[in-house]
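Counting in the working numbering, the sequence shown runs from 923 upward without gaps. Where is the CB? At the ideal position from N, CA and C, for every residue including glycine.
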Amino acid sequence: MSDRIAAAAAMAPSAALTVEEVRSVRHWNAHLFSFSISRPASFRFRSGEFVMIGLPGDNRPLLRAYSIASPCYADELEFLSIKVPDGPLTSRLQRIQPGDRIFLGRKPTGTLVADALLPGRRLFLLSTGTGLAPFLSLARDPDLYDRFSEIRLVHCVRTVGDLAFRDLLESQLAGDALVQDQALLQFSYLPTVTRETFHRTGRIDALIDNGCLFDGMVGGPTMFDPALDRIMLCGSMAMIRDLQARFKKMGFGEGSNASPGHFVIERAFVD
Ligand SMILES: Cc1cc2nc3c(=O)[nH]c(=O)nc-3n(C[C@H](O)[C@H](O)[C@H](O)COP(=O)(O)OP(=O)(O)OC[C@H]3O[C@@H](n4cnc5c(N)ncnc54)[C@H](O)[C@@H]3O)c2cc1C
């Protein structure tokens, strides 16, 4: 354990933070990793929310927002993280090991929650990069399968190696006792790659235009329909801006916790 992380362990939890133990770390490639940490018994969150996590800084904790990737019923909390080469937090966070300590905020929040959407028939979870994280939690929430008859998760990345959690998603969440039966019938995963050869290539807007985004779906049209469809967007600001404008033009209204709508957005990072 590094000195700084050991120092975190020694610090008493503040009113806003608890100190948790790193349980596992998985490096997907040179710029992406995921890790799980202990979950305080009092920590509750709604699938799709984010929370502040971090390490000790010079004078105060160095904290960043992270979407929770694990299901709301899991014993541990899991996160999917970028490795920004000179990033204040992730240049250090990428070196964590099981047994190290990490700060966890006490107050998860966010707009990518089922309650911010009006009832609908199909749910589209559209992500780029680490924007996948909140959808890993949502896709394993049994409540979602009661609310929507079809759930499609689209993950757009640059290289095939960026398709984190691909096996879990391709298996339609096999092994997750709470949702696997419903997921087998209602959940589908559509990965797409923009900078390498893959069986599906192109950005999300291109897949909408050529209809491929709807490939293999059981019911409904091969275009978005505000009467049927609900959408969650998480990823780069550019993707969110483009799709947000497109959906608004099509008659979709943006939702929030206070006022549910046809679609909701959360940026996956600040540019
Ligand atoms: C609501 C919200 C949820 C977030 N959830 C996650 C998450 O689940 N996983 C995660 O890795 N990050 C997430 N982030 C970003 C995260 O808060 C940090 O920015 C990131 O961990 C990098 O921290 P840093 O201190 O190393 O670099 P920072 O100084 O925070 O960022 C440096 C630069 O790196 C780039 N960058 C930062 N994060 C990303 C990213 N995720 N993907 C691509 N480029 C990025 C941006 O250009 C940014 O300006 C989220 C941000 C917000 C606002």
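Pick helix, strand or coil for N1132, following the three-state DSSP scheme.
coil
What separation, rounded to the nearest whole angstrom, lies between the Cα atoms of H949 and E1092?
19 Å
Inter-residue spacing [alpha-carbon to alpha-carbon] between V1035 and G979:
31 Å
Determine the direct distance from the alpha carbon of T1123 to that of R1163, and round the result to whole angstroms.
21 Å
Cα-Cα, which of R1117, S1049, K1029, F1136 is closest to E1072?
F1136
Are R1044 and L1165 touching if we call contact CB-CB under 8 Å?
no
DSSP-derived helix/strand/coil call for I990
coil
With 16 other CB atoms within 10 Å as the buried threshold, where does A952 fall?
exposed
Whether or not the stretch 1003–1014 and the stretch 1082–1101 are in contact is what I'm after, with contact meaning three or more pairs of Cβ atoms, one per stretch, closer than 8 Å; do they touch?
no
Count the other CB atoms, across all protein chains shown, that sit within 10 Å of the CB of T1052; report buried if there are 16 or more and exposed otherwise.
buried
DSSP bridge partner residues for L1111 (one or two, in chain order):
Note that residue 1111 corresponds to Tyr in the displayed sequence, not to Leu. In DSSP, Y1111 forms a bridge with L1075.
Give the range of the beta strand (DSSP E) segment to which D1151 is assigned.
1151–1157
Which residue comes first and which comes last in the alpha helix (DSSP H) that contains E1188?
Note, E1188: premise wrong, no alpha helix (DSSP H); beta strand (DSSP E) at 1185–1189.
Is E1118 buried or exposed, if buried means 16 or more other CB atoms sit within 10 Å of its CB?
exposed
Taking contact to mean at least 3 C-beta pairs separated by less than 8 Å, is the stretch 992–999 in contact with the stretch 1010–1021?
no
Between which two residues does the beta strand (DSSP E) carrying A1000 extend?
A small correction: the amino acid at residue 1000 is Glu; Ala does not occupy that position in the sequence shown. Here the beta strand (DSSP E) through E1000 covers 998–1004.
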